[in-house]
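Quick note on numbering: the sequence shown equals residues 2 to 750 in the working numbering. To keep things clear, I will list the structure first and then write my remarks on it.
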Amino acid sequence: MIEMQPALGAVIIGVIGLIFVLWLRKWVLDQDPGSGKMLEVYSWIKSGARAFLKREFTTISYFIVAIVIGLCILTIQGILSWQIPVGFIVGSISSLLMAWLGMETATDANVRTAQAARKSPDKALIIAIRGGAVTGLSLMSIAIIGIGILYLLFKDPALVVGFGFGASLAALFAQLGGGIYTKSADVGADLVGKVEKGLEEDDPRNAAVIADLVGDNVGDCAGRASDLFESFSDNIITMMIVGAFLASIMFPEYAVVIIDLALVLQAMGLIASIIGVLAVRGKEPIRAIYQGFFLTGILLVVGFYILLRLMLPSQILIQIGDPGLAIRLWLATVLGMIGSLLTAIIVWYYTGPNSKPVRDISELAKGGPAIDILGGFSWGMESIFPGALVVAFITVTAFYLVAGSFDFRGLAGIKGLFGVAVATLGLQTMAGIIQTSDTFGPIVDNADGIATMSGISEEVGTALEKLDSVGNMTKALTKAYGMVSALLTSLSILFALIADYMDKAIELGIITVSRENFTFETILRIANIHLLIPELLAGLILGIAMPYVFTAWAIRGAVRGAFEMVKEVRRQFKENPGILRGEALPDYGKAVDIATRYALVEMIMPTTLGLFTPILIGTIFNIWVLVAYLIGLKISSALLAMFQFNAGGQLDNAKKLIEIAGKKGTSEHAAAVVGDTFGDPLKDTSGPSLHILIKLSNIFSITMIPYFIWLELHADLVTRAILSCIIIIIWIIVAYITKYLKKKAQIVL
Numbered sequence: 002m003i004e005m006q007p008a009l010g011a012v013i014i015g016v017i018g019l020i021f022v023l024w025l026r027k028w029v030l031d032q033d034p035g036s037g038k039m040l041e042v043y044s045w046i047k048s049g050a051r052a053f054l055k056r057e058f059t060t061i062s063y064f065i066v067a068i069v070i071g072l073c074i075l076t077i078q079g080i081l082s083w084q085i086p087v088g089f090i091v092g093s094i095s096s097l098l099m100a101w102l103g104m105e106t107a108t109d110a111n112v113r114t115a116q117a118a119r120k121s122p123d124k125a126l127i128i129a130i131r132g133g134a135v136t137g138l139s140l141m142s143i144a145i146i147g148i149g150i151l152y153l154l155f156k157d158p159a160l161v162v163g164f165g166f167g168a169s170l171a172a173l174f175a176q177l178g179g180g181i182y183t184k185s186a187d188v189g190a191d192l193v194g195k196v197e198k199g200l201e202e203d204d205p206r207n208a209a210v211i212a213d214l215v216g217d218n219v220g221d222c223a224g225r226a227s228d229l230f231e232s233f234s235d236n237i238i239t240m241m242i243v244g245a246f247l248a249s250i251m252f253p254e255y256a257v258v259i260i261d262l263a264l265v266l267q268a269m270g271l272i273a274s275i276i277g278v279l280a281v282r283g284k285e286p287i288r289a290i291y292q293g294f295f296l297t298g299i300l301l302v303v304g305f306y307i308l309l310r311l312m313l314p315s316q317i318l319i320q321i322g323d324p325g326l327a328i329r330l331w332l333a334t335v336l337g338m339i340g341s342l343l344t345a346i347i348v349w350y351y352t353g354p355n356s357k358p359v360r361d362i363s364e365l366a367k368g369g370p371a372i373d374i375l376g377g378f379s380w381g382m383e384s385i386f387p388g389a390l391v392v393a394f395i396t397v398t399a400f401y402l403v404a405g406s407f408d409f410r411g412l413a414g415i416k417g418l419f420g421v422a423v424a425t426l427g428l429q430t431m432a433g434i435i436q437t438s439d440t441f442g443p444i445v446d447n448a449d450g451i452a453t454m455s456g457i458s459e460e461v462g463t464a465l466e467k468l469d470s471v472g473n474m475t476k477a478l479t480k481a482y483g484m485v486s487a488l489l490t491s492l493s494i495l496f497a498l499i500a501d502y503m504d505k506a507i508e509l510g511i512i513t514v515s516r517e518n519f520t521f522e523t524i525l526r527i528a529n530i531h532l533l534i535p536e537l538l539a540g541l542i543l544g545i546a547m548p549y550v551f552t553a554w555a556i557r558g559a560v561r562g563a564f565e566m567v568k569e570v571r572r573q574f575k576e577n578p579g580i581l582r583g584e585a586l587p588d589y590g591k592a593v594d595i596a597t598r599y600a601l602v603e604m605i606m607p608t609t610l611g612l613f614t615p616i617l618i619g620t621i622f623n624i625w626v627l628v629a630y631l632i633g634l635k636i637s638s639a640l641l642a643m644f645q646f647n648a649g650g651q652l653d654n655a656k657k658l659i660e661i662a663g664k665k666g667t668s669e670h671a672a673a674v675v676g677d678t679f680g681d682p683l684k685d686t687s688g689p690s691l692h693i694l695i696k697l698s699n700i701f702s703i704t705m706i707p708y709f710i711w712l713e714l715h716a717d718l719v720t721r722a723i724l725s726c727i728i729i730i731i732w733i734i735v736a737y738i739t740k741y742l743k744k745k746a747q748i749v750l
């Protein structure tokens, strides 16, 4: 019991963090919500968001039940441990609980932010930030509590991977479904409202405007939070697994300290994030938010140094023959935080409201929509390289830094793998404050929309517009942070997959090398990853190609929903001319229903790619072909996602730059609106969802390692062929069910 004290302490801090989250929610609810028309608009947004989330959770629950049944079958067969399905259920529920709590508070904070802006813009900032903090801090608290308790119960980090798998599945549904919903509404509202009818943003005469405001919450709040919750959870779990493997070889008597390190450091991150949130206040929103960021970062740098010194004292390090390990681990966490800063700088340069790329694209809009889009396309392509450079720099530097040598033979290379996981944790410790600022975005966007629709725009002046512009910047930052986080986390998962395989293979006698003689060269020799082997080359090619299929299906889903939304808004204007004259209200509920129906059916098939492809490749071939597939998948997905959200952000801000210049209603503005509409599904639907495809495929693969080892020991070619056919048949059945649901949705509409 004494050995488990560090993890138990982390869980206690997680519980304290959750109590603080509930206090923040109560504080937000105690603020003045306004009256009259404001409350009416708020109720439309609230009911629409709740309806979508309820139906989305119902859809997700069907998949959770189906997967639990599959995991239980493998458990009954003695292939998986019973802890895996239990962890999967806990991880799924935790992710959904966090998304629900965050979105409920965000939709409560929007109207209160709008009301506060009538009297005190400073108070509006605090309400919006604290409303966002419910999402950001619950993300950290729930993950630490869930993983910590499961680890205390199971006493083996490899048995906690089910939690990460459950969180990943729920996250992909939440992000993809929310992304399709929000872009179906946004594109429909913009094309008919702005381009065809010349209406302003959030004009109450636009039937899609409420669906658009709801979409901000289900996409940018629930969806993005689920993404970071998944990264945060997966990184803790994989660092624990790699740490356990490292400790079992180097210093088994101190294994608990190394394993618990991830939980304890993230608990410190939670404390720093709480202080950072409370520090956000002032008259200048951007300065106030940066104040919270930098205070959190400074506290983390100091706190991590103290914790690592306490958990890895000199006498232990001297005993294991590496007295500088604690300092190098601390430097790796700092390196991860520097990665966050570099990511922010790159995003700001390429997508900032007045950056050179955005100014260039806004100028190109004078040549029409095609030139505007091509400008965004080219700048988006260029933006890939700096982001890739940051990830490559962190990976290589963290590896050699913690390895303590450029000669990674012996045990140095294994320490290097742990170093990459530690650097990723350093980046992840900023997740709470960054998600807080991200959820701040839809809150102030909704507040601005409520002010417009309730007729108090003149009363609030430019206060909400200023907050909204800051919110757009923080949302762009979170997308880039999420991608770098996803790629580094997936590398950690890959290392954990290899470590877990090696660990189990040693126990089962597949690997005859003893732990005492195990070195990094042993891993390189056993991990049969050579590109001259045709099967591995095929796996790599398939991994590179898969993100393009996923992107195509995701965008197609958003396009179908947007097309139906355009038809509906046009129909309402045509059948009821009084709407355009302001004499009658449009049917907002119909537009919300269209976005909901299409989001729920269109999110299914892209999600199946993250589930069926890895297990199919692992079943047909072997675990090393699967590793090659995962390597191709993560690199291709990361680069494609960087292009998508940077190009989309540039096109969006180029349009805003033209609007600020007072050119609304001009051909130049119309071209920019078309460009923005083109970029929207890239930055809000397919791009962010690629983050989760990477992590879901990787964490699912590590969850199924016992199955792949069972195949290696017991399955001949015939058995593999039969199992592969079963997997394909199940996939086809899911595809036909989805096709039926799509037809049903069209009939209902």
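Cβ atoms here follow ideal geometry from the backbone N, Cα and C, with glycine treated the same way. All of these numbers come straight from a predicted model, not from anything done at the bench.
Residue i versus the options, residue with shortest Cα-Cα distance
i: M269; options: P607, A11, V567; result: A11
i: I618; options: V161, P578, G649, L541; result: L541
i: A673; options: E105, G456, S363; result: S363
i: A639; options: Y549, N529, R561; result: Y549
i: F294; options: G167, L428, G414; result: L428
i: I36; options: A115, Q292, I14, H670; result: A quick correction: the sequence has Ser, not Ile, at residue 36. Residue A115 is the option with its Cα nearest to S36.
i: N623; options: A716, M547, R51, K124; result: A716
i: K184; options: T597, L9, L19; result: T597
i: V196; options: T667, L683, S702; result: T667
7 Å CB neighbourhood of residue i in its chain, flanking five on each side removed
i: L200; result: G194, R206, N207
i: A110; result: V29, I128, A129, G132, I444
i: I621; result: R721, S725
i: I346; result: none
i: M643; result: S384, I385, G388, M484
i: R516; result: S249, I250, I507
Nearest-angstrom Cβ-Cβ length linking residue i and residue j, presumed shorter than 8 Å
i: T609; j: V445; result: About 36 Å separates the two Cβ atoms, so there is no contact after all.
i: I130; j: F496; result: Not a contact, Cβ separation roughly 36 Å.
i: N236; j: S406; result: Incorrect: roughly 25 Å between the Cβ atoms, too far for contact.
i: I498; j: L170; result: Position check: residue 498 holds Leu in this sequence, whereas Ile was assumed. That belief does not hold up - the Cβ atoms of L498 and L170 are roughly 17 Å apart, past 8 Å.
i: A592; j: A209; result: 5 Å
i: Y482; j: I435; result: 5 Å
i: G676; j: P370; result: 6 Å
i: T475; j: I290; result: 7 Å
i: S227; j: A186; result: About 19 Å separates the two Cβ atoms, so there is no contact after all.
i: G417; j: V403; result: 6 Å
Close Cβ partners of residue i (< 8 Å) along its chain, the five nearest in sequence each way excluded
i: M2; result: Low local confidence applies: a pLDDT of 33 at M2 is under 50, so the model's placement there is unreliable, with the coordinate-based value given in what follows. Correct list: empty, nothing qualifies.
i: I748; result: Summary for I748: the model assigns pLDDT 49, below 50, so the residue's position carries little reliability; its value from the coordinates is reported in the next sentence. Closer than 8 Å at the Cβ level, and outside the excluded window around I748, lies no residue.
i: K467; result: P122, P286
Continuous alpha helix (DSSP H) stretch holding residue i: start and end
i: M431; result: It is not in any alpha helix (DSSP H) - M431 carries neither H nor E in the DSSP assignment.
i: Q78; result: Note, Q78: premise wrong, no alpha helix (DSSP H); not H, not E.
i: A487; result: 464-509
i: I290; result: 286-312
i: D187; result: 162-189
i: Y599; result: 589-603
i: V567; result: 535-576
i: T108; result: 84-118
i: I362; result: 357-365
Proximal residues to residue i (C-beta, below 6 Å), its chain only, five neighbours per side dropped
i: Y630; result: G540, L543, G544, I618
i: G325; result: none
i: M431; result: S341
i: G179; result: V219, G220, A223, G224
i: P7; result: D261, V265
i: T552; result: S687
i: K156; result: none
i: I424; result: At residue 424 the sequence reads Ala, which differs from the Ile that was named. For A424, where only same-chain residues beyond five positions count, the Cβ hits under 6 Å are A333, L336, G337, I395, A399.
i: S458; result: A452
Residue i CB to nearest heavy atom of the ligand MN below 7 Å
i: K656; result: This structure does not include the ligand MN; it has no bound ligands of any sort.
Residue-level contact to chain D via CB, residue i, 8 Å cutoff
i: I415; result: Although the question refers to chain D, the structure presented lacks it and comprises just one protein chain.
| Okay, do the region 137-149 and the region 95-114 touch, 3+ Cβ pairs below 8 Å being the bar? | Flag = yes, the region 137-149 and the region 95-114 touch.
| said: Quick test of the definition: if touching needs 3 or more C-beta pairs under 8 Å, does the region 597-606 touch the region 344-354? | reply: No: fewer than three Cβ pairs fall under 8 Å.
| task | Answer yes if the region 299-315 comes into contact with the region 374-393, meaning at least three C-beta pairs across the two stretches below 8 Å, and no otherwise. | result | Verdict: no, contact absent.
| message | Does the region 579-591 come into contact with the region 459-473, if we say contact requires no fewer than three beta-carbon pairs (one atom in each stretch) closer than 8 Å? | response | Taking a contact to require three or more Cβ pairs closer than 8 Å, the region 579-591 and the region 459-473 do not qualify as touching.
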